[in-house]
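A.B. asks: Numbered by the working numbering, the letters in the sequence shown go through residues 2 to 109 in order.
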Amino acid sequence: MMRDLRSLYNECRDLGAVSDQRSFSRMFGRQASWCSSTLARGRRPTTGALVAFVLQLEKIIVATEEEMAATINQEEVDALRGGLDEITRIKAEVWSEVEIRSQLNLFG
Numbered sequence: 002m003m004r005d006l007r008s009l010y011n012e013c014r015d016l017g018a019v020s021d022q023r024s025f026s027r028m029f030g031r032q033a034s035w036c037s038s039t040l041a042r043g044r045r046p047t048t049g050a051l052v053a054f055v056l057q058l059e060k061i062i063v064a065t066e067e068e069m070a071a072t073i074n075q076e077e078v079d080a081l082r083g084g085l086d087e088i089t090r091i092k093a094e095v096w097s098e099v100e101i102r103s104q105l106n107l108f109g
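(1) Let me know the secondary structure DSSP gives glycine 49 once reduced to three states.
(2) Whole angstroms is fine: what's the gap from tryptophan 35's alpha carbon to serine 26's?
(3) Taking the alpha helix (DSSP H) that alanine 33 belongs to, which residues open and close that run?
(4) Rounded to whole angstroms, what is the Cα-Cα separation between valine 95 and methionine 28?
(5) Residue range of the alpha helix (DSSP H) that asparagine 11 falls in?
(6) Any C-beta of chain D sitting closer than 8 Å to the C-beta of arginine 23?
(7) Does DSSP put isoleucine 62 in a helix, a strand or coil?
(8) For aspartate 79, name the three-state secondary structure that DSSP assigns.
(9) State the CB to CB distance for the pair leucine 91 and leucine 9, rounded to an integer number of angstroms; the pair is presumed to be in contact (CB under 8 Å).
(10) Tell me the residue span of the alpha helix (DSSP H) that contains arginine 23.
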């Protein structure tokens, strides 16, 4: 089961993928106030919003891999690898939720 939106936001912020809730909202393809509104109302992101988020995470993964390839400093590579591993884990977790919801829509 996917963790809640606040937890996802906090981890993405800690990793430097977003700077605030406004930029986090944009990763879901939503308006800047979406995250704070969704959190305040206790709602879950729609499946479409999760798919948009996964696509943005994939862009971060590709950019990080490119930066790793261009970096010669091993300490920087190691730091990038740690962040890449975390973003990849988040992407897999969210995609798993998309798959579960899709199956429920087909069979439920």
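Here a beta-carbon is modelled for each residue, glycine too, at the ideal position from N, C-alpha and C.
The structure presented is a predicted model; accordingly, all values stated were derived computationally and were not measured.
C.D. replies: On the basis of the coordinates in this document:
(1) Locating residue 49 in the sequence shown gives position 48, counting from the first residue. DSSP places glycine 49 in the helix class (H, G or I) of the three-state scheme.
(2) As a first step, residue 35 is located in the sequence shown; it is residue number 34 there, counting from the start. As a first step, residue 26 is located in the sequence shown; it is residue number 25 there, counting from the start. Cα to Cα, tryptophan 35 sits roughly 6 Å from serine 26.
(3) Numbered from 1 along the sequence shown, position 32 holds the residue referred to as residue 33. Looking at the DSSP string, alanine 33 is not in any alpha helix (DSSP H), and its letter there is neither H nor E.
(4) For the purposes of this step, residue 95 is identified with residue 94 of the sequence shown, where counting begins at 1. For the purposes of this step, residue 28 is identified with residue 27 of the sequence shown, where counting begins at 1. Approximately 13 Å between the Cα atoms of the pair.
(5) Working through the sequence shown from its first residue, we reach residue 11 at position 10. Here the alpha helix (DSSP H) through asparagine 11 covers 6–16.
(6) In the structure shown, chain D cannot be found, because there is only a single protein chain.
(7) Start at 1 with the first residue of the sequence shown, and residue 62 comes out as number 61. Correct three-state label for isoleucine 62: helix.
(8) Along the sequence shown, read from residue 1 onward, the residue named residue 79 stands at position 78. Aspartate 79 sits in a helix when the DSSP states are folded into three classes.
(9) As a working note, residue 91 is residue 90 in the sequence shown. As a working note, residue 9 is residue 8 in the sequence shown. According to the sequence provided, residue 91 is isoleucine. The question's leucine does not apply to it. Right, their Cβ atoms sit about 7 Å apart.
(10) Sequence index remark: in the sequence shown, residue 23 carries index 22 (1-based). If you look at arginine 23, you'll find it in the alpha helix (DSSP H) that goes 22–28.
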